[in-house]
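Student:
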Amino acid sequence: MVRVNDCEIVGGITNGDVPGIFLDGEYERLPVEGKTVLDLGANIGDTLTYFMLRGASRVVGIEPFPHNYALAKINIEANKFGTAAVIRLAACAGKGGSITVDMAQGSTTTKPQDVLEQGHEVPVLTLEQTIQEHAIPAGSVMKMDTEGYEYDIILSTSNEALRKFSHILIEYHHGYKNLKAKLESAGFSVKTDIPRAPHLLRRLAGGKTTTTYLGFLYAYR
Numbered sequence: 013m014v015r016v017n018d019c020e021i022v023g024g025i026t027n028g029d030v031p032g033i034f035l036d037g038e039y040e041r042l043p044v045e046g047k048t049v050l051d052l053g054a055n056i057g058d059t060l061t062y063f064m065l066r067g068a069s070r071v072v073g074i075e076p077f078p079h080n081y082a083l084a085k086i087n088i089e090a091n092k093f094g095t096a097a098v099i100r101l102a103a104c105a106g107k108g109g110s111i112t113v114d115m116a117q118g119s120t121t122t123k124p125q126d127v128l129e130q131g132h133e134v135p136v137l138t139l140e141q142t143i144q145e146h147a148i149p150a151g152s153v154m155k156m157d158t159e160g161y162e163y164d165i166i167l168s169t170s171n172e173a174l175r176k177f178s179h180i181l182i183e184y185h186h187g188y189k190n191l192k193a194k195l196e197s198a199g200f201s202v203k204t205d206i207p208r209a210p211h212l213l214r215r216l217a218g219g220k221t222t223t224t225y226l227g228f229l230y231a232y233r
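For the sequence shown, the residue numbers in the numbering used here are 13 to 233.
1) Can you round the beta-carbon distance between V136 and G108 to whole angstroms, since I take them to be within the 8 Å contact cut?
2) Report all residues from its chain with a CB closer than 6 Å to the CB of E133; omit the five preceding and five following residues, and keep chain order.
3) What is the DSSP secondary structure of L52, reduced to helix, strand or coil?
4) State the Cα-Cα distance for the pair G24 and D205, rounded to the nearest angstrom.
5) Have a look at N17, G199, S178 and flag the residue whose alpha-carbon is nearest the alpha-carbon of I148.
6) Please confirm whether Y184 and L226 have their CB atoms less than 9 Å apart.
7) Using a 10 Å radius around the Cβ and a threshold of 16 neighbouring Cβ atoms, would you call A68 buried or exposed?
8) Ignore the nearest five residues each way along the sequence and tell me which others in E38's own chain have a CB closer than 6 Å to its CB.
9) Can the beta-carbon of T61 be found closer than 9 Å to that of V16?
10) Who are the near neighbours of S152 in its chain, counting only those whose CB is closer than 8 Å to its CB and skipping five residues on each side?
11) How big is the Cα-Cα spacing for A150 and R208?
12) Rounded to whole angstroms, what's the CA-CA distance from Q144 to T138? Just pull it up for me.
13) Please list the terminal residues of the continuous beta strand (DSSP E) segment that includes M156.
14) In chain order, what residues of the same chain have a beta carbon less than 6 Å from the beta carbon of G28, not counting five sequence neighbours either side?
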């Protein structure tokens, strides 16, 4: 467990990104005070906790890995966020359906069509479904760290749905040009960071590993 600003983050020593979130300020440019935040790739609830501490009125977290989801639930309860913070066991992608994920994994990636012989089946939601089912209002903020799903999600979402958000921060894994073009077509101004050090993404089915370069894309309007 890690303690940050009188909040507990269970699992924060071995999972999540507490240093990047709370010390490096990776998400400090997002104006979350008084707003609803959609946290795609909520992990153990570390970003969810950060947004609540910064005054978000409501945070909806989406996390596909059962182990991370369970820790996020513990962190919501431990920090007494009540109904202002919600975590849902689900993935987000360009097409709805379901996916079977490895119960032991919490930081690797897969695609909706990847199926394991043993694992836990979770629903896959489109961004538009997520907005509708969780009543995300206009003027909300979205954080996205979906380990390669960001392209399917953003490119398949209507401009009208994207305009539900005033600010979007995406961690991209395979470049940003198509994401930038799509968001600009929806009326956003877009800034991008220089890609950081190599990062390994492993698909659950087949165990194939891909080297990618991480970076942040910030969109606002």
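We treat Cβ as the ideally placed atom computed from N, Cα and C, and that holds for glycine.
Tutor: So, from the listed chains and residues:
1) Cβ-Cβ separation between V136 and G108: approximately 6 Å, consistent with a contact (criterion under 8 Å).
2) For E133, same chain residues with a beta-carbon under 6 Å away, outside a window of 5 residues either side, are S110, T112 in chain order.
3) In the displayed model, L52 falls within a strand according to three-state DSSP.
4) Going from the Cα of G24 to the Cα of D205 covers about 26 Å.
5) The shortest Cα separation from I148 among N17, G199, S178 belongs to S178.
6) Here Y184 is near L226, since their CB atoms are less than 9 Å apart.
7) Counting the other Cβ atoms within 10 Å of the Cβ of A68 gives 16 or more, which makes it buried.
8) Beyond the five residues adjoining it in sequence on each side, E38 comes within less than 6 Å, by CB distance, of G32 in the same chain, given in chain order.
9) Going by C-beta atoms, T61 is nearer than 9 Å to V16.
10) Only K47, T48, V49, L50, K176, F177, S178 meet the Cβ criterion.
11) Approximately 32 Å between the Cα atoms of the pair.
12) Roughly 10 Å between the two C-alpha positions.
13) In this chain, the beta strand (DSSP E) harbouring M156 covers 152–156.
14) Answer for G28: N55, I56, D58, listed in chain order.
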